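To start, the structure under review is shown below, and the notes come after it.
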Ligand SMILES: [Zn+2]
């Protein structure tokens with residue numbers, strides 16, 4: 197999208213947190229939910245919140261990145277939110293990007309991009325989502341973003357394939 201900042205590559209120090217997000221995504225899938233997981237670290241690098249997708253109950257807004265935004269608004273000062281980093285197995289959707297920016301959270305690092313997920317879904321003939329698949333930068337241009345992480349692509353793809361009922 198014209199004018200959107202270009203995400204950078206994740207750093208080696210990001211990998212441990214991205215690894216945990218993919219594990220949370222697998223937990224979600226094993227529990228009958230969509231394979232997405234996310235966590236938040238504070239300025240010291242401590243994990244302060246983590247969650248996984250919980251849309252299986254019928255509320256399609258129960259994305260972990262949205263939960264992070266709500267948790268941060270309730271528990272962190274504006275300065276703490278700005279210094280916090282969000283890690284996620286899949287790039288924020290437009291709803292979660294907006295929530296993230298509205299509460300003033302800082303950097304985002306994702307394992308797989310929305311562009312990748314959209315391509316996989318197209319390949320598998322999965323019906324498109326009801327929300328336009330915008331990159332974070334198109335919704336929240338002030339957020340520093342890194343991703344995708346190539347070393348996790350195959351694993352995240354396989355989780356989404358399983359969720360789509362595709363054997364890979
Ligand atoms: Zn979302």
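In our numbering, the protein residues as written are 197 to 364. A virtual CB, placed ideally from N, CA and C, is assigned to each residue, including glycine. In this text the structure is predicted, and so the values were computed from the model without any measurement.
With 16 other Cβ atoms within 10 Å as the buried cut-off, status of residue i
i           : result
residue 359 : buried
residue 210 : buried
Pairwise C-alpha distance: residue j and residue i
i           : j           : result
residue 201 : residue 340 : 8 Å
residue 215 : residue 311 : 20 Å
residue 197 : residue 303 : Only weak support is given to the placement of residue 197: the predicted model assigns it a pLDDT of 48, under 50, and the value that follows is read from those uncertain coordinates. Answer to the nearest angstrom: the Cα atoms are 20 Å apart.
residue 366 : residue 224 : In the structure as shown, the chain begins at 197 and stops at 364. Residue 366 is therefore absent and cannot be evaluated.
residue 273 : residue 337 : 22 Å
Under the three-state DSSP convention, the category residue i falls into
i           : result
residue 233 : strand
residue 243 : strand
residue 297 : helix
residue 197 : Any answer about residue 197 is weak, because its pLDDT of 48 lies below 50 and its placement is not dependable; what the coordinates show is given next. Residue 197 falls in the coil class under three-state DSSP.
Cβ-Cβ separation, residue j to residue i (assumed contact under 8 Å), whole Å
i           : j           : result
residue 280 : residue 238 : 6 Å
residue 245 : residue 267 : 5 Å
residue 294 : residue 335 : 6 Å
residue 206 : residue 345 : 5 Å
residue 221 : residue 285 : 4 Å
Cβ of residue i within 9 Å of any chain B Cβ
i           : result
residue 265 : Within the model displayed, chain B is absent; a lone protein chain is all it includes.
For residue i: DSSP bridge partner residues
i           : result
residue 248 : 233
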